[in-house]
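Residue numbers (my numbering), protein chains in the order written: chain X, 1 to 412; chain Y, 1001 to 1412.
There are 2 protein chains.
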Amino acid sequence: MALIVQKYGGTSVGDVERIQGVARRVARYKEAGHDVVVVVSAISGETNRLMAMGQQIGGDKPLPRELDVLLSSGEQVTIALLSMALMQLGVSAKSLLGDQVAVHTDSAFGKARIERIDTQTLKADLDQGVVPVVAGFQGVNGDGDITTLGRGGSDTSAVALAAALHADECEICTDVDGVYTADPRIIKDARRLDQVTFEEMLELASLGSKVLHPRSVEFAGRYKVPLRVLSTFQEGPGTLITMEMDNMEQAIVSGIAHALDEAKITVAGVPDIPGVASKILGPIGRKNIEVDMILQNTGADGLTDFTFTVKRQDFAEALATLENMAKEFSAREISGDDAIAKVSIVGVGMRSHAGVATRMFDALAAENINIQMISTSEIKISVVVAERYMELAVRALHAEFELHDQEQSANV
Amino acid sequence: MALIVQKYGGTSVGDVERIQGVARRVARYKEAGHDVVVVVSAISGETNRLMAMGQQIGGDKPLPRELDVLLSSGEQVTIALLSMALMQLGVSAKSLLGDQVAVHTDSAFGKARIERIDTQTLKADLDQGVVPVVAGFQGVNGDGDITTLGRGGSDTSAVALAAALHADECEICTDVDGVYTADPRIIKDARRLDQVTFEEMLELASLGSKVLHPRSVEFAGRYKVPLRVLSTFQEGPGTLITMEMDNMEQAIVSGIAHALDEAKITVAGVPDIPGVASKILGPIGRKNIEVDMILQNTGADGLTDFTFTVKRQDFAEALATLENMAKEFSAREISGDDAIAKVSIVGVGMRSHAGVATRMFDALAAENINIQMISTSEIKISVVVAERYMELAVRALHAEFELHDQEQSANV
Chain X
1 MALIVQKYGG
11 TSVGDVERIQ
21 GVARRVARYK
31 EAGHDVVVVV
41 SAISGETNRL
51 MAMGQQIGGD
61 KPLPRELDVL
71 LSSGEQVTIA
81 LLSMALMQLG
91 VSAKSLLGDQ
101 VAVHTDSAFG
111 KARIERIDTQ
121 TLKADLDQGV
131 VPVVAGFQGV
141 NGDGDITTLG
151 RGGSDTSAVA
161 LAAALHADEC
171 EICTDVDGVY
181 TADPRIIKDA
191 RRLDQVTFEE
201 MLELASLGSK
211 VLHPRSVEFA
221 GRYKVPLRVL
231 STFQEGPGTL
241 ITMEMDNMEQ
251 AIVSGIAHAL
261 DEAKITVAGV
271 PDIPGVASKI
281 LGPIGRKNIE
291 VDMILQNTGA
301 DGLTDFTFTV
311 KRQDFAEALA
321 TLENMAKEFS
331 AREISGDDAI
341 AKVSIVGVGM
351 RSHAGVATRM
361 FDALAAENIN
371 IQMISTSEIK
381 ISVVVAERYM
391 ELAVRALHAE
401 FELHDQEQSA
411 NV
Chain Y
1001 MALIVQKYGG
1011 TSVGDVERIQ
1021 GVARRVARYK
1031 EAGHDVVVVV
1041 SAISGETNRL
1051 MAMGQQIGGD
1061 KPLPRELDVL
1071 LSSGEQVTIA
1081 LLSMALMQLG
1091 VSAKSLLGDQ
1101 VAVHTDSAFG
1111 KARIERIDTQ
1121 TLKADLDQGV
1131 VPVVAGFQGV
1141 NGDGDITTLG
1151 RGGSDTSAVA
1161 LAAALHADEC
1171 EICTDVDGVY
1181 TADPRIIKDA
1191 RRLDQVTFEE
1201 MLELASLGSK
1211 VLHPRSVEFA
1221 GRYKVPLRVL
1231 STFQEGPGTL
1241 ITMEMDNMEQ
1251 AIVSGIAHAL
1261 DEAKITVAGV
1271 PDIPGVASKI
1281 LGPIGRKNIE
1291 VDMILQNTGA
1301 DGLTDFTFTV
1311 KRQDFAEALA
1321 TLENMAKEFS
1331 AREISGDDAI
1341 AKVSIVGVGM
1351 RSHAGVATRM
1361 FDALAAENIN
1371 IQMISTSEIK
1381 ISVVVAERYM
1391 ELAVRALHAE
1401 FELHDQEQSA
1411 NV
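Next up, the structure:
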């Protein structure tokens, strides 16, 4: 008998029938003798619908405190409906809002951080065989105000609950059946990974694999919560995200990620003197625009080219901000490009294998794909290429590192 | 400067534009120097939408605790949106859920009774010039569970808050501009009443005038909260519901109410012995069916006819219940009729005027309307007539007691 925290996202609870399906899935775990805590998101589309009403009144930036009151009502609907559906199946269940658990957070409305979780109510319910059905995405601050954790917050809620309860596993039940070596929509014989490490998953999540929110992965890694990504709609083991993997499993590269949501900006010909980076990035940061990759090439003429990437949605604002300030850092030229793709290879195996980068660059060169930017970490290498080469690059790298499903390739 | 509690129903906050309209209305009161506490319902249709989802899962009787979690999310949406709209107008505002106020209730989910209201948070907000925007219809029980007060509960929330805060007035802002001498859809020259007493309003509300929920009127009367019904959408004084009226205002009959939501059941030829009423009504009560009028005629033959009315929605169940038990009270016949109307005259002036009943019966007789049942209280007389005579009966009584708008009749 294990204690399992299960999180069901918006698509999994997309309508009444699906909520009933989730109830049946939870019931099977109870029948198997497990204790289950369920965390749910709002019905898919509901958060957007509420947000649209909020923006209709409050404009681009509706009042944060009230926006959280508004948005958190979405999860409230789901916990009530799922609890009803469980009781209909004869499974004792009880809905719990963020403040009923309680999930204590700071007061950063819209992006609150969990500070601690009371487990007393949850444990009392579990002791009585009750399935607590917890509203994800929400918590309560010290003043008793509702807070929300930001998009992807339900994953974080689930992981945090699993950590607080010392659960045996945290299942993220979603509409895909695991983490793949590459996006299966692009690579037909992409392989589902049985295991990945937290570090790899964190890179994959950050790099555009939408399966898990990076914050929840980080949280799970920090508190050593075994995390499993699996399908709500079909049976299967999914992908276990774990501390260290069996060596048998260990490939050099675990997966290829890609992201199309970035844009790059180049500030060319600025004096190569200390402080120029902060002069350029300072105004960007003050506009709350996040910067991802940063690259600085020193030229021979005492001038340098400074390139960085931002999210595409921030591209126009970032570009305009710099153009307004161009004089201040006496740049020769400021240019931008939002038709770029970031393609990355990720794997803890890289640590112990030299020459991975070379293999990557060679494979891209063989396809005549020009690399615009490179960024590396201990377990990943990312390159920026023109958007139109994205699929080709993913395919080339998937083949180069032999990530395809050999059984599938052989059998099908 | 007064302290005013304003309640806006579902139609008044029916969409984003209307919510913005409500915000402008509240802002005008603030500009005039008043302190305002706002209580709102869910956006019209929202409670029904949520209820439909609940019933889709939970059937006729969804789990009461979870149903309250589900339904209360509707008001949560409105308080957030209205608070945003007020802030957009530069009016400081803050949403408060039932448990944030807190509105303490018993644990009768779906029909909870308010036990006490903490005023500390509200007063602190008012002291700082903030408009508290409170979710109507909801409270919190001793276990921290969300409770709801039942349909019409937002009126009760508003009155209870006004009582707890010793507010100068509680405004029920709705889609009609006051209480009328009769339904203006039937009687074209029906007159808006400037004042009615709580007792009269209670009878009018109970008898089918949908303007106010009887429970809120009773509550207002008990705690002596001056209550005003007025329009959200147009200017005007509305109708003040008060303890005692100026004598000048005092008519014998204040208004004519009608209700089409009842059905009658007759158990004919039962032995006229003690206990027969409870034998008949006991099983009805145990099915949670409310009985309204009860009438027993004693015959000369030691047998009696027993007639009572129930809500039409309970008619079939009530009839079936009695037919199953007919043998037990050896009735000659059990019959029912759901094509009936209840028409009532209401007025505190009746107390001091004899002959009001006679005038009523004469007026109906003059129109050849047969009276099937009669029931009286100190300030009202109700008759049951065939449904098809309802409009005719209301019109005849409106004329008999000279309730028409004399100015309107003269000027128009």
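Just so you know, even glycine gets a beta-carbon here, dropped at the ideal spot from N, CA and C. From a predicted model like this one, the values you see are computed outputs, not experimental measurements.
| Asked | Found |
| --- | --- |
| Nearest-angstrom Cα separation, counted from Y:V1346 out to Y:I1252 | 8 Å |
| Coarse secondary structure for Y:I1114, derived from DSSP in three states | strand |
| C-alpha gap between X:L3 and X:D15, whole angstroms | 27 Å |
| Selected residue, minimal CA-CA separation from X:A112, among X:S206, X:I146 and X:N370 | X:I146 |
| Candidates X:S72, X:S375, X:A366 and X:K380: closest to X:I353 by CA position | It is worth fixing the name first, because residue 353 of chain X is His in this sequence and not Ile. Ranking the options by Cα distance to X:H353, first place goes to X:K380. |
| Same chain, Cβ closer than 6 Å to Y:G1221, five either side skipped, listed in chain order | F1198 |
| Length-filtered (4 minimum) alpha helix (DSSP H) runs lying within the stretch 157-222 of chain X | 198-206 and 214-222 |
| Range covered by the beta strand (DSSP E) that runs through X:D338 | Taken as a continuous stretch (DSSP letters only), X:D338 belongs to no beta strand (DSSP E), as it is neither H nor E. |
| Status (buried if at least 16 other CB within 10 Å, exposed otherwise) for X:I334 | buried |
| Straight-line gap, Y:D1189 to Y:T1181 (C-alpha atoms, nearest Å) | 9 Å |
| Proximal residues to Y:M1186 (C-beta, below 6 Å), its chain only, five neighbours per side dropped | In the sequence as displayed, the identity of residue 1186 of chain Y is Ile instead of Met. Answer for Y:I1186: E1391 and V1394, listed in chain order. |
| Whole beta strand (DSSP E) elements within the stretch 1028-1115 of chain Y, 3-residue minimum | 1035-1040, 1093-1096 and 1103-1105 |
| Y:F1361 to Y:A1316 span [Cα, whole Å] | 31 Å |
| Any chain X beta carbon closer than 8 Å to Y:A1396 | no |
| Residue burial classification, Y:G1090 (beta-carbon count within 10 angstroms, cutoff 16) | exposed |
| Contact with chain A by Y:I1117, beta-carbon distance below 8 Å | The structure shown contains no chain A; its protein chains are X and Y. |
| Cβ-based burial, Y:A1399 [other Cβ within 10 Å; buried from 16] | exposed |
| Backbone secondary structure at Y:T1232 - three-state DSSP | coil |
| Selected residue, minimal CA-CA separation from X:S206, among X:Q195, X:D143 and X:E218 | X:E218 |
| Rounded straight-line distance, which links the Cα of X:I256 to that of X:L397 | 7 Å |
| CB contact check: Y:P1062 to chain X, cutoff 8 Å | yes |
| Extent of the continuous beta strand (DSSP E) to which X:A263 belongs | E262 to P271 |
| Short Cβ contact (8 Å threshold) for X:V211 with X:V159 | no |
| Beta-carbon separation (whole angstroms), Y:I1057 vs Y:A1135, contact threshold 8 Å | Contact doesn't hold; Cβ gap of about 23 Å is too wide. |
| Three-state class that DSSP yields for Y:A1259 in the structure shown | strand |
| Nearest neighbour of Y:V1013, chosen from Y:G1033, Y:A1032 and Y:V1039 [CA to CA] | Y:V1039 |
| For Y:D1314 and Y:R1388, the rounded distance between their alpha carbons | 21 Å |
| C-alpha distance - X:E75 paired with Y:L1281, whole-angstrom precision | 44 Å |
| Partner residues on chain Y for X:A42, Cβ-Cβ distance less than 7 Å | Within 7 Å Cβ-Cβ: nothing; X:A42 doesn't reach chain Y, min ~10 Å. |
| Buried versus exposed call for X:E66 [16 or more other C-beta atoms within 10 Å across all chains shown] | buried |
| Cβ-heavy atom distance, X:G98 to the ligand GTP, below 7 Å | As presented, the structure is devoid of all ligands, the ligand GTP included, so that no description of it is given. |
| CA-to-CA distance, Y:E1200 to Y:G1238, given in whole angstroms | 16 Å |
| When Y:R1151, Y:D1099 and Y:G1059 are compared against Y:G1045, the one with the closest alpha-carbon | Y:R1151 |
| Member of X:D68, X:Q88, X:S92 and X:A259 whose CA lies at the smallest distance from the CA of Y:P1062 | X:Q88 |
| Beta strand (DSSP E) segment containing Y:S1375, residue limits | M1373 to S1377 |
| Short Cβ contact (8 Å threshold) for Y:P1184 with Y:L1202 | no |
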